[in-house]
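Here the structure comes first, spelled out in structure tokens, and everything after it is commentary.
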Amino acid sequence: ALTGVKCCEVDEKRKPIAGTEFVIRADLAFIAIGFAGPAAVGPVSELAGQMKIAIDSRRSNNVEAN
Numbered sequence: 260a261l262t263g264v265k266c267c268e269v270d271e272k273r274k275p276i277a278g279t280e281f282v283i284r285a286d287l288a289f290i291a292i293g294f295a296g297p298a299a300v301g302p303v304s305e306l307a308g309q310m311k312i313a314i315d316s317r318r319s320n321n322v323e324a325n
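Heads up: the sequence shown is residues 260 to 325, going by this note's numbering.
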């Protein structure tokens, strides 16, 4: 099960900077990699509906931290 996301700062060449590691606690994560967006139907759309995540006309989503 997911318990967190390990992160770190990177330099201008996107190389990790030693000693800057930190963990963001989470039990759910979305990967945003710049693709065209979630399909209008399917698991991502269904999950967004269940979690009340608004998806706009560009298929971008907006969520608020709680």
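We treat Cβ as the ideally placed atom computed from N, Cα and C, and that holds for glycine.
Quick caveat: nothing in here was measured; it's all calculated off a predicted structure.
CB-CB length for residue i against residue j, believed under 8 Å
| i | j | result |
| --- | --- | --- |
| Ala291 | Leu261 | Actually they do not touch by this definition, with Cβ atoms about 16 Å apart. |
When the options are compared against residue i, the one with the closest alpha-carbon
| i | options | result |
| --- | --- | --- |
| Gly263 | Pro275, Glu280, Asp270 and Glu271 | Glu280 |
| Val282 | Arg318, Lys311, Cys267 and Ala288 | Cys267 |
| Leu306 | Phe289, Ser316, Lys274 and Arg317 | Phe289 |
| Leu287 | Ser316, Lys274 and Met310 | Met310 |
Beta bridge counterpart(s) of residue i as assigned by DSSP
| i | result |
| --- | --- |
| Gly263 | Arg284 |
| Ile314 | Asn320 |
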